[in-house]
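In my numbering, the protein residues as written are 32 to 501. All C-beta atoms, glycine included, are put in the ideal place defined by N, C-alpha and C. None of these values were measured; they are calculated from a predicted model.
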């Protein structure tokens with residue numbers, strides 16, 4: 032039973048449940064486990080598609096649909112996620128996510144044909160879309176301020192770790208072509224994570240949102256015993272009052288239109304440059320290069336994702352030292368260079384010897400560079416660009432652009448590889464990455480060490496830092 036039930040204790044004393052400090056860690060750990068499951072479910076199709084394509088005799092278009100239908104569901108879920116989390120609670124949204132993961136992952140493993148699989152993956156996509164919104168919200172609102180950044184970053188790392196885990200599982204199951212197990216295994220941790228979710232309360236911020244101030248004070252005392260729970264709850268109430276009144280129409284008007292263009296462009300370029308072509312189709316890409324055997328084609332992506340995990344951690348460690356702009360531009364520049372390498376080596380035709388491993392290295396560095404640059408910074412910039420009342424609306428606009436580009440890559444990449452060839456396909460992605468580099472160089476500000484008010488002043492001043500008063 033949830034500890035969020037009504038209590039007769041003193042408002043500042045913790046309600047029954049896990050002891051203070053441990054509760055804050057449990058919030059973060061539970062969110063991170065959901066991140067691992069999200070990463071696994073996003074990447075598991077990469078291996079399963081190789082075998083289910085043979086079982087179901089799929090065309091390139093049908094292969095694309097198996098992936099893109101999940102992304103389409105994610106768009107629907109992301110649009111619903113914020114309203115669901117506000118209406119029912121962050122905890123309820125997370126329970127819906129974990130329960131849906133459990134059911135739809137299991138059903139996808141049992142699908143008798145591709146039509147049923149597509150329907151189930153659409154529903155799974157809705158759950159994933161809700162989790163994209165609800166999980167970071169749940170973690171950020173339920174962990175102490177001093178560890179909030181690390182906790183949200185841990186969710187990002189957990190997502191990449193889940194994708195890496197996918198490829199090791201796929202490699203282990205590749206000998207028997209067990210695509211149903213590849214898709215279905217994550218139902219187990221999804222079911223298990225329901226246990227701590229039922230025990231934990233909702234977030235203090237949501238209780239304040241619903242006018243349940245005393246409950247918010249109780250939970251604040253439970254999650255962060257080092258602060259004055261009443262003072263912190265009042266601060267949350269003031270922040271919520273400041274955040275009210277944001278609308279999509281406001282984003283498109285001066286003085287916020289420039290910031291809106293920046294975050295939407297960043298979200299679109301983040302995906303249209305092809306990162307999920309690697310996530311969804313890496314075994315096929317390595318086969319196209321000339322690597323042979325399912326063992327190699329499933330194991331090599333595992334090392335690619337481990338490099339991505341290391342790049343994500345590195346970015347988190349150095350981003351406040353080097354600055355956002357340096358990290359972002361170096362990541363995109365490396366992606367562009369690696370796509371040029373891939374275009375060149377695929378242009379040689381059949382690869383062998385050293386060129387084969389150059390191709391592998393290019394894929395590895397491309398993916399790591401994405402996680403170092405785009406992956407580590409896109410949400411940071413979205414959170415900094417707008418005043419409080421427009422922050423969630425701006426983040427939603429960026430997420431929509433991100434998912435639309437993801438949908439295009441998921442659907443059309445396999446057909447482009449067949450129709451235009453690998454060299455032309457990667458050349459096109461390279462041109463898009465070059466455009467992303469130019470866009471970011473022209474629009475991304477350096478916000479290291481700046482207060483949020485200063486950053487918003489930059490956008491209000493037409494993309495220029497205000498001149499300090501004499």
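Start and end of the alpha helix (DSSP H) containing residue i?
i           : result
residue 289 : 288–303
residue 134 : 121–140
residue 415 : 405–415
residue 258 : No alpha helix (DSSP H) holds residue 258; DSSP gives it neither H nor E.
residue 75  : Run containing residue 75: none; DSSP gives neither H nor E here.
residue 149 : 145–173
residue 223 : 218–223
residue 205 : Note, residue 205: premise wrong, no alpha helix (DSSP H); not H, not E.
residue 461 : 453–474
residue 480 : Looking at the DSSP string, residue 480 is not in any alpha helix (DSSP H), and its letter there is neither H nor E.
residue 211 : 210–215
residue 279 : 279–282
Does DSSP classify residue i as helix, strand or coil?
i           : result
residue 324 : coil
residue 372 : helix
residue 315 : helix
residue 379 : coil
residue 233 : coil
residue 388 : helix
residue 426 : helix
residue 357 : helix
residue 243 : coil
residue 85  : helix
residue 494 : coil
residue 332 : helix
residue 90  : coil
residue 285 : coil
residue 227 : helix
residue 418 : coil
Return the residue from the list the options that minimises the CA-CA distance to residue i.
i           : options               : result
residue 141 : 309, 311, 232 and 83  : 83
residue 330 : 77, 443 and 70        : 77
residue 480 : 356, 256 and 129      : 356
residue 183 : 460, 422 and 411      : 411
residue 251 : 235, 241, 167 and 262 : 235
residue 59  : 101, 122, 74 and 118  : 122
residue 386 : 429, 373, 254 and 101 : 373
residue 214 : 316, 74 and 222       : 74
residue 413 : 473, 107, 402 and 429 : 429
residue 379 : 453, 468, 62 and 169  : 453
residue 442 : 72, 81, 101 and 65    : 101
residue 322 : 391, 415 and 210      : 391
residue 117 : 239, 490, 131 and 149 : 239
residue 138 : 124, 93 and 155       : 155
residue 270 : 93, 87, 423 and 66    : 423
residue 109 : 161, 99 and 79        : 161
residue 80  : 349, 209 and 436      : 209
residue 241 : 461, 272 and 463      : 272
residue 65  : 99, 163, 295 and 119  : 163
residue 490 : 145, 415 and 437      : 415
residue 352 : 478, 426 and 314      : 478
residue 406 : 363, 389, 195 and 438 : 363
residue 200 : 264, 456, 425 and 333 : 333
residue 204 : 375, 327, 393 and 167 : 327
Is the shortest distance between the beta-carbon of residue i and the beta-carbons of chain B less than 9 Å?
i           : result
residue 266 : Given the protein chain composition of this structure (a single chain), no chain B is represented.
Pull up the distance between the alpha-carbon of residue i and that of residue j, whole angstroms please.
i           : j           : result
residue 320 : residue 291 : 39 Å
residue 113 : residue 434 : 16 Å
residue 224 : residue 157 : 19 Å
residue 97  : residue 143 : 14 Å
residue 495 : residue 485 : 11 Å
residue 475 : residue 230 : 42 Å
residue 104 : residue 159 : 8 Å
residue 228 : residue 126 : 7 Å
residue 312 : residue 446 : 12 Å
residue 72  : residue 467 : 28 Å
residue 298 : residue 148 : 28 Å
residue 408 : residue 256 : 31 Å
residue 175 : residue 244 : 18 Å
residue 365 : residue 305 : 13 Å
residue 173 : residue 345 : 25 Å
residue 267 : residue 191 : 31 Å
residue 285 : residue 94  : 43 Å
residue 457 : residue 91  : 17 Å
residue 397 : residue 259 : 46 Å
residue 492 : residue 417 : 13 Å
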